[in-house]
Each structure stands twice: as structure tokens, then as C-alpha cells.
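**Q** Going by the numbering used here, the first residue of the sequence shown is number 22, and it counts up by one from there. Here a beta-carbon is modelled for each residue, glycine too, at the ideal position from N, C-alpha and C.
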Amino acid sequence: MSTTNPRRHGLILLAALGALTTLGAHAESNRANILFVILDDVGADQLSITNPSNLALARTPTIEAIASQGVNFTNCWAMPECSPSRVSFFTGRYPARTGVGSPLTQTTLAQSQCSPYEVTAPRLLAGAGYESALFGKFHLAQNEENPFGIGAPASVGFTRFNGTLLGGPPFIDETVAGQITDPGAVASCGYPVLGNAPAICACAFEDGTCEEGIDAVDCLTAGGVPLTAADGSPITTCDDDAIGRIDWSSTSGNYAWPRTVNEGSVAFQEIPARVYADTDQAELATAFILKHRAAGTPWMCSLSFTGDHDPWQQPPADLLPPGTQWPKNLPYACDVEPGIDSAGLQQRLLSDWTIESMDRQIRRVLLATGLAAIGPGGLTITAPDTLIVIIGDNGSFLTTVKAPFNPVRAKATAYQTGIVVPLVIAGGPVNAPGRAVDAMVNVVDLFELWGEAAGIDVDDAMPGTRQLDSFPMMPYLRNPMQEPLRPFNFSEYREPYQAEPCYPCLVASPGGATCTDTILTTQQLCESQGGVWYGPGGVVTGAPQSTCCELYQALDEPSGFAVVYGTQQAITNGRYKLIANTLETCAVSIPGTAEYEFYDLPQCPFAGVLFGRGLDNPGANLLTSGVPLSAEQTAAFNGLKAALNTLNADMAPCVGDINMNGAVGGADLAAMLSFWGGPSVADLNNDALTNGADLAILISSWGVCGQE
Ligand SMILES: [Ca+2]
Ligand SMILES: [Ca+2]
Ligand SMILES: [Ca+2]
Numbered sequence: 022m023s024t025t026n027p028r029r030h031g032l033i034l035l036a037a038l039g040a041l042t043t044l045g046a047h048a049e050s051n052r053a054n055i056l057f058v059i060l061d062d063v064g065a066d067q068l069s070i071t072n073p074s075n076l077a078l079a080r081t082p083t084i085e086a087i088a089s090q091g092v093n094f095t096n097c098w099a100m101p102e103c104s105p106s107r108v109s110f111f112t113g114r115y116p117a118r119t120g121v122g123s124p125l126t127q128t129t130l131a132q133s134q135c136s137p138y139e140v141t142a143p144r145l146l147a148g149a150g151y152e153s154a155l156f157g158k159f160h161l162a163q164n165e166e167n168p169f170g171i172g173a174p175a176s177v178g179f180t181r182f183n184g185t186l187l188g189g190p191p192f193i194d195e196t197v198a199g200q201i202t203d204p205g206a207v208a209s210c211g212y213p214v215l216g217n218a219p220a221i222c223a224c225a226f227e228d229g230t231c232e233e234g235i236d237a238v239d240c241l242t243a244g245g246v247p248l249t250a251a252d253g254s255p256i257t258t259c260d261d262d263a264i265g266r267i268d269w270s271s272t273s274g275n276y277a278w279p280r281t282v283n284e285g286s287v288a289f290q291e292i293p294a295r296v297y298a299d300t301d302q303a304e305l306a307t308a309f310i311l312k313h314r315a316a317g318t319p320w321m322c323s324l325s326f327t328g329d330h331d332p333w334q335q336p337p338a339d340l341l342p343p344g345t346q347w348p349k350n351l352p353y354a355c356d357v358e359p360g361i362d363s364a365g366l367q368q369r370l371l372s373d374w375t376i377e378s379m380d381r382q383i384r385r386v387l388l389a390t391g392l393a394a395i396g397p398g399g400l401t402i403t404a405p406d407t408l409i410v411i412i413g414d415n416g417s418f419l420t421t422v423k424a425p426f427n428p429v430r431a432k433a434t435a436y437q438t439g440i441v442v443p444l445v446i447a448g449g450p451v452n453a454p455g456r457a458v459d460a461m462v463n464v465v466d467l468f469e470l471w472g473e474a475a476g477i478d479v480d481d482a483m484p485g486t487r488q489l490d491s492f493p494m495m496p497y498l499r500n501p502m503q504e505p506l507r508p509f510n511f512s513e514y515r516e517p518y519q520a521e522p523c524y525p526c527l528v529a530s531p532g533g534a535t536c537t538d539t540i541l542t543t544q545q546l547c548e549s550q551g552g553v554w555y556g557p558g559g560v561v562t563g564a565p566q567s568t569c570c571e572l573y574q575a576l577d578e579p580s581g582f583a584v585v586y587g588t589q590q591a592i593t594n595g596r597y598k599l600i601a602n603t604l605e606t607c608a609v610s611i612p613g614t615a616e617y618e619f620y621d622l623p624q625c626p627f628a629g630v631l632f633g634r635g636l637d638n639p640g641a642n643l644l645t646s647g648v649p650l651s652a653e654q655t656a657a658f659n660g661l662k663a664a665l666n667t668l669n670a671d672m673a674p675c676v677g678d679i680n681m682n683g684a685v686g687g688a689d690l691a692a693m694l695s696f697w698g699g700p701s702v703a704d705l706n707n708d709a710l711t712n713g714a715d716l717a718i719l720i721s722s723w724g725v726c727g728q729e
């Protein structure tokens, strides 16, 4: 690889920010298989390896063992939300290039989902004979507003997929499969609870059998439905009337979820799959790995756990440490229920339990596949031919954030709590294991690592003028003395194109309420986060409002009103961090909003316990401190702003370039015609149709992008 590669345009221009040295260690010929474990919404705050000063975190002995025998990357940035991060680590490209800047919802248009023209990891690795599979949460593309429907995974290269197209577990069915009918009665966990434990119930199965005296969670784990009276109380006998009231088609959280399978070009669904999602995913991964290890064929297995994305439920008993007990003084619930309003405490506990259960699942997969063994010192990695990579895809969800990280600057923001994630790599080519790497790395760099592991030059593998944002990672694994490769790090979220207009959702936050009109895009999503919906159907006076700006004015400019920016970009040179915000045009200025924020991370709070980089909390913003910037700070501010502008210019979209080859021509026309009619990546005017209006745009942009 050369620094003059035109695909690394952004890299060259930004090199001025720092020394670019020793790019590209000499590639070695031995190839490694890849086990890639994705922990959903597990930010750096959650794990002892990335938040060492907090002694009350979930217990993760497996991840700690892997880190102690591998490399712990303590300075890894993800994108602030699921879909942008996931598309980035499977394509090596920032959200502005992939078009995926926001988490997918049912109304996200195809052009804000992963494009079928991306060179994704499975496509890259197929060139070296690898078979790739993804088990669990996908969320790069989805079945709605997508011409490929439930074949969306295969359309972007994941021809071996078994999991869910949703962004997390489905909503918990608070009626327990239709059994609770009393108004006001709610089973917030999706099963009956008695005292502060799952109730003992009769457990019905779809094959007509029924067993009595079973713990409600054990019943769900076994694929059954706990019998529940109309008022939510448990039924302990196998009552035919009660069994007859069960709606067997309902989905609910981690125990009854919509499975989608892609095998080659065949796609099908099972709704619901009645198996604890993470267990199912771990078993599928184990079988896939064993098959390839027996055959000696190269493979990449992405194990994308559904767990720890909201909503949370109690994991199966065999996945919790022995003796795990719900605290006696905490009401048992999974969300707000009548009389139980402390949902945050319950969610934190269930999130910890879910992380502990995922840690156990990882251990099981490693042991079952021979990638690890139990040695005298405990879990011992025995994977000389396999790279084991564990990452969190974005910062933690608000209520689950652990101190000292900031729960109101968490997931869905470009602040540190929203984008600093755990990244641990062990096995295969790792030299001098048991070390930490503090150099800046980014989720896009993982794409380069997939290529490096397979002996592929990712630049050579890219078609046409396809631009990558990734930097090499293998040098850090092979060489303990490796100098930092990235002169800067970057993260962003962007507004997606939606089939339906977005409306404001107001969520309670300290000192007031935070409004978003871009993230919680439906009434159900909004209310599931405890928000008040101001779109159509909202019950509040003054609804509907179409934007947070309108709502702010309609509420007569209330104090404590915060707003989620439509777009947020963060760039750092390793010390200083610039955040650039954009809001929709608003007739009034909403207090507390600003175009730029600027932080000196080593001077920010908690830097001493967070590897020298503190938290970009409001009080640390150098632009609002009242003290003028020093000459050095001014230079850093201007340098980062210029670098961001350069990067944004480099990432500017090429309108009409459907097949992503840097030009608009016959191939794009053919692509457009192949999608004619419904939603597609060729819907250039974002109206969910591919038709003459889009054709007119395509013809008017005919030619090479960036040239007149
Ligand atoms: Ca996520
Ligand atoms: Ca093209
Ligand atoms: Ca259109």
C-alpha cells in the first residue's frame, strides 16, 4: 500500500495533522480465520477493560481473559449508533460515503440502508476463498423500503445469515401472548412476576403439551409460554381455557423474535423463533466454525448478539453466575409499570446480567470450537490460525451508562460516552499478547483488518474509484512497538431519508426534556423510550408538530429544552476534539445549541482514570468557558475545522452514481431500470419510488463526478 493511493485522498490531506509513519507493515502470507463478536450497545463504560476505575460493573471474566492474551485497544471510536457503525466496519467507509448515517427503522428508505453495490466484508473475503456468515442482529439493511425484502442480507453479500433484521429484540409483549386483557395490567418483562422473581407457572407449548411448576423464565427458555391470568397473575395449572387464549404468533423480546434466514439466494422467515436469541446465535456460530475447522477451509464468523440492546429481560438461568438474585429492595420489572417508575435501575441490572450472559456465551463458543481451552490459569486461547475480535458497536444506552461516563451524552451522540467502545483482539497473528494499544483506531479500520487477515490488499480489491477510510490494524497486532498510524479519528451520525415524515419526540432529561425529530421516528419507538410523541396520533395538546423547532416555539420556549442535533460530527487529533453540529433551520435560537464544540481531552473530567482522555461534558467545552483560546488551542481548532471541511468535501455524494464507481453512466441507468417502480438506491429524489423523476436527475448528472 502506498500513501499516494488516490483512494486514500482524505488520508493524504489529513496527514498534516500528525506524522504518518511506517504505513503498512510487510504482509505475511499466513492467513487467519476470523471470529468477530459484536456486543450491541456495549460502550467503553460497561467493561472493566475499558472502565477500570469502576468496580461495580458486569463481571466479564471471558473478555478479560481474551484481553490478557491479546491486545486491548483503549482508544477505539465507533459511530454513535448501530447501523452506521455496522456498515462502517463491514465496508471500511464512513457514514457519509455509505449513506447509512442513522439507525434503520421500518421507514428508512433504501438509500439510507447499506447499498447492494458496497464491497462488504463477505465479498472482500470471498476473493480469498473465505466463507462468511453472520448470526444474530444484522441491521445494515432491512426488509422494509428495500427491493430485496427479507433477502436484504444476501443483497449486500451476507449469503449465509441467520438472525434478525430488527435493530434489537422486538418490543416486549406486555400481554404475555395476548393473555393479559385487564386494562392497566402490564407484564413489563413479558412474563408474570411474583414478589421480586419470575413467577412459578404452568408452561404451555405450541405442540399442545403443558407442564406445571415451572419458573416463567425457564418456561420461555424452553420455548413455552407461561400461563397468565387476565390480570397478569400467574396460572399454576395446565388450564385448557388459559392455553386457548395464547396468541402463538406474537413476538416478545429475546424469547420470541422474528428469525430471518438467507442461504445463498434463498430467504425465509420463522415468526416467532421461540429460543433465547443469544443462545441460538452462539450455537449457530459454533456449528459454522466447527464445520470449517473440520474441513480446513477459511472462514469469517460474525456473531452479532442481540442482547444488551433494549428492551432487556432476564437471561436464562444457565447463563447467569450461580446464585444470581434480584435485589430484595428493588421491584422486579423490565420497564415502567403502574406503581413501578424506577425503570432505570431495573434496566441497569438487566443490562449487566445480559453482558454477563454474553460473556458466558463467548466462553462456550471458544471452548466448543477448540479456539480456547481451560488451562491451569483458566481460559487459554488456543487459536493460532484464528483472529478473535470483540467490539461494542456504539456507546451505551442512556439508562445503562456506568460512572464516570455521561448518561445524557451517550448512544446517539458523538460525545465520548456515545462513541468510545471496547475493542479486544486475540489469537492468530497477535505478537507479545497481554498489552494495551492506545493509538487511535476506528471501526472502519476493522474492514482493513479483515483484508489483512486474509492476505488481501483492500485497495487492490476495491473497484473503480471506491474510497476507503480505513487504516491498517495488523501492524498493531504484530508489532508491539508500532507507531500510531491514524493522524486523526472521526465519528458522525446523519439524518436518514425516511419514507414518512419525522415528528418530534420529547424525552425527559435532567433539568428538562430533550427533543429529537430524527431518531425516535414513530409513536411506538418514542413511547418505548418513555418519550412524549408530538406527531400525528399524539395525545398531547398542541400535537402534531413537525419539528423540534416548531415544538419549542409551540411550548413557548420552555427552559431546560434540549434538542438532538440532526447531524453531529466529531474529529480529533488525539488530544483536541472538535464537534460540529447541525440543526434544521429554526426561526428562533434554542439555548445551549451551537455549531461547534471544542475539547482538550486530557484536560477533561476523569482523564486520569480513562487512559488520559476525559469526558467532553458541557463544562469542558473550551468555546463556552469564558476564557479565550490560547494560540495553541486556536491553531488546533482551526486545524481540525479545516481537516473536517476537507474530509466533508472528499465525502460529498456523487448524485446518480448508483453503482458507486465515481461516474454516472450506462451502468447506473441499467441499475435504475432494474429497480423501476418501488423504493431503491436509485430513488434519487427520496420519494420511495424509482421512476421518471429519478431518471431525469440521473441524466442531468451524466458524466464523471467532480467534473463539469
Ligand atoms: Ca448498537
Ligand atoms: Ca456509476
Ligand atoms: Ca424517486
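1) Using only the heavy atoms of ligand 2, determine whether one of them is closer than 7 angstroms to the beta carbon of ASP689.
2) Can you find at least 3 beta carbon pairs, one from the stretch 201-210 and one from the stretch 170-190, that sit closer than 8 angstroms?
3) Listed in chain order, which residues are found with a beta carbon closer than 5 angstroms to a heavy atom of ligand 3?
4) Which residue wins for smallest C-alpha separation from GLY413, given the options PHE94, THR390, GLU227, ASN54?
5) Of the residues GLY640, PRO639, PHE426, which one's Cα is nearest the Cα of GLY629?
6) Is ASN463 near ligand 1, judged by its Cβ being under 7 angstroms from some heavy atom?
7) According to DSSP, simplified to helix, strand and coil, what is GLU49?
8) Report the rounded CA-to-CA distance for LEU305 versus PHE156, giving the unit in angstroms.
9) Less than 6 angstroms between C-beta atoms, sequence neighbours within five positions excluded: which residues of the same chain meet that for ALA198?
10) Answer yes or no: does any C-beta atom of chain C fall closer than 8 angstroms to that of ALA288?
11) Quick one: residues in its chain with C-beta nearer than 7 angstroms to the C-beta of GLU616, no 5 flanking neighbours on either side, listed in chain order?
12) For GLN67, which residues of its own chain have a beta-carbon under 7 angstroms away from its beta-carbon, when the five flanking residues on both sides are left out?
13) Using a Cβ-Cβ cutoff of less than 7 angstroms, which residues in the same chain neighbour ALA142 once the five nearest sequence positions on both sides are dropped?
14) Would you list the one or two residues that DSSP bridges to ARG144?
15) Could you tell me which residues DSSP puts in a beta bridge with SER512?
16) Within its chain, find whatever has a CB closer than 6 angstroms to the CB of ALA741; leave out the 5 residues flanking it on each side and keep chain order.
17) Roughly how many angstroms lie between the CA atoms of GLY148 and ASN463, to the nearest whole one?
18) Find the nearest neighbour of TYR218 within the set SER286, PHE309, LEU351, ALA277, judged by alpha-carbon distance.
19) Leaving out five residues on either side along the sequence, give the residues of the same chain with a beta carbon under 7 angstroms from the beta carbon of TRP347.
20) Taking the DSSP output, what are the residues bridged to GLY413?
21) For PRO191 and THR128, I'd like the C-alpha separation in whole angstroms.
22) Report the three-state DSSP secondary structure of VAL585 (helix, strand or coil).
23) Using the Cβ count rule (16 or more neighbours within 10 Å means buried), how would you classify ILE395?
24) Please state whether the Cβ-Cβ distance between GLY595 and MET461 is less than 8 angstroms.
25) Based on the DSSP secondary-structure assignment, which residues constitute the bridge partners of LEU599?
26) Below 8 angstroms on the Cβ atoms is my contact criterion, and I expect LEU125 with GLN163 to pass it. Report the Cβ-Cβ distance as a whole number of Å.
27) Under the rule that 16 or more other beta-carbon atoms within 10 Å means buried, what is SER610, buried or exposed?
28) Cutting at 7 angstroms between CB atoms, please list the residues of its own chain near VAL676, excluding the five before and the five after it.
29) Could you tell me the boundaries of the alpha helix (DSSP H) in which PHE289 lies?
30) Taking 8 angstroms as the cut-off, decide whether the C-beta atoms of TYR620 and ALA652 are in contact.
31) Report the start-end ranges of each beta strand (DSSP E) in the stretch 75-147 that is 3 residues or longer and not cut off at the edges.
32) Return the first residue and the last residue of the alpha helix (DSSP H) that CYS240 is part of.
33) For ASN666 versus THR486, is the C-beta distance shorter than 8 angstroms?
34) Ligand 4 heavy atoms versus the CB of ASP61: any closer than 7 angstroms?
35) Give me the Cα-Cα distance between THR403 and GLY64, rounded to the nearest whole angstrom.
36) Measuring CA to CA, which of CYS526, ASP194, ASP577 is closest to GLY558?
**A** Result, derived from the coordinates:
1) Within the cutoff, so yes.
2) no
3) ASP704, ASN706, ASP708, LEU710, ASP715
4) PHE94
5) PHE426
6) no
7) Bear in mind that the predicted position of GLU49 carries a pLDDT of just 44, short of 50, making it unreliable; the figure below should be weighed with that in mind. Here GLU49 sits in coil by DSSP.
8) 7 angstroms
9) The answer, listed in chain order, is VAL246, ILE267, ASP268, SER271.
10) Looking at the structure shown, chain C is missing, and only one protein chain is on hand.
11) ALA601, ASN602
12) LEU78, ALA79, ILE376, SER417, LYS423
13) PHE111, SER153, MET321, PHE468, TRP471
14) Paired residues: none, contrary to the question.
15) ALA591
16) For the chain, the structure presents residues 22 to 729; residue 741 sits outside this window and is missing.
17) 24 angstroms
18) Checking the displayed sequence, the identity of residue 218 turns out to be Ala instead of Tyr. The shortest C-alpha separation from ALA218 is found at LEU351.
19) ASN217, ALA218, TYR353
20) LEU60
21) C-alpha separation (whole angstroms): 16 angstroms.
22) coil
23) Exposed is the call here.
24) yes
25) ILE592, PHE619
26) 5 angstroms
27) exposed
28) LEU705, ILE718, SER722
29) No alpha helix (DSSP H) contains PHE289, which is instead part of the beta strand (DSSP E) from 287-294.
30) Taking a C-beta distance under 8 angstroms as the contact criterion, TYR620 and ALA652 do not qualify as a contact pair.
31) Taken in chain order, the complete beta strand (DSSP E) segments of 3 residues or longer contained in the stretch 75-147 are 91-98.
32) CYS240 -> alpha helix (DSSP H) spans 237-242.
33) no
34) Within the structure as shown, ligand 4 is missing, the only ligands being ligand 1, ligand 2 and ligand 3.
35) 27 angstroms
36) CYS526
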